[in-house]
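Visitor: If you're matching positions, the sequence shown starts at 1 in the UniProt record's numbering and goes up one per residue.
Every residue gets a Cβ at the ideal spot worked out from N, C-alpha and C, and that includes glycine.
For reference, the structure I am asking about is given below.
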Amino acid sequence: MDFYLSNISQVPKENVPIKGTKGAKIQWLITKNEGAHYAVRKFSLEKMGVIPMHAHKYQETVIITKGKCKVCVADKEFELKEGDYIFIDSQVKHAIMAEDELEFFCVIDYVDDMSIKTLNEDCP
1 MDFYLSNISQ VPKENVPIKG TKGAKIQWLI TKNEGAHYAV RKFSLEKMGV
51 IPMHAHKYQE TVIITKGKCK VCVADKEFEL KEGDYIFIDS QVKHAIMAED
101 ELEFFCVIDY VDDMSIKTLN EDCP
């Protein structure tokens, strides 16, 4: 495929498939189905929504476009707001907690193992 054109409003919102997630939806905007070697996803979290501590083999970049959140990465905690972004390397544990209604884009690479390991840990 030479190109792909769509609108975010046309992409269905799905529940985030990480055990313990609360108030979070995901939209898969660009995937290998469109011929890409990476995926672009949009996440929407309700106020106080949570994506709990987890890790995976793929790398990701998270770009906050609306709201504020707390991000726990490895053993550190950061406050992110609209315009902030963070790169998270492969197998680095992380979690996101929305302080307000939150929206962010997340770009990931495709690797041989796309599974997500939920960790029974809280933020530091």
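Could you tell me which of Lys76, Tyr85, Arg41 sits nearest to Glu62, measuring between CA atoms?
Guide: The residue you asked about is not Glu; residue 62 is Val in the sequence shown. Per the Cα distances, Tyr85.
Visitor: On the CB-based measure, 16 or more other CB atoms within 10 Å of its CB, does Met97 come out buried or exposed?
Guide: Met97 is buried by the Cβ-count criterion.
Visitor: Please state whether the Cβ-Cβ distance between Pro124 and Cys69 is less than 8 Å.
Guide: No, Cβ-Cβ distance for Pro124 and Cys69 is not below 8 Å.
Visitor: Beta strand (DSSP E) containing Ser44: first to last residue?
Guide: Looking at the DSSP string, the run of the beta strand (DSSP E) that includes Ser44 is 38 to 56.
Visitor: In its own chain, which residues sit with a C-beta less than 6 Å from the C-beta of Ile108, not counting the 5 before and 5 after it?
Guide: Same-chain partners within the cutoff: Ala39, Tyr58, Glu60.
Visitor: Give the straight-line distance between the Cα atoms of Lys117 and Asn15, rounded to the nearest whole angstrom.
Guide: If I take the Cα positions, the gap works out to 16 Å.
Visitor: Per DSSP, which residues does Lys25 bridge with? Please list them.
Guide: Its beta-bridge partners are Asn15, Ser44.
Visitor: Give, in chain order, every unbroken run of the beta strand (DSSP E) that is at least 3 residues long and sits entirely within the segment 70 to 119.
Guide: Taking only runs of at least 3 residues, the beta strand (DSSP E) segments lying wholly in the segment 70 to 119 are 76 to 81, 85 to 88, 94 to 98, 102 to 109, 116 to 118.
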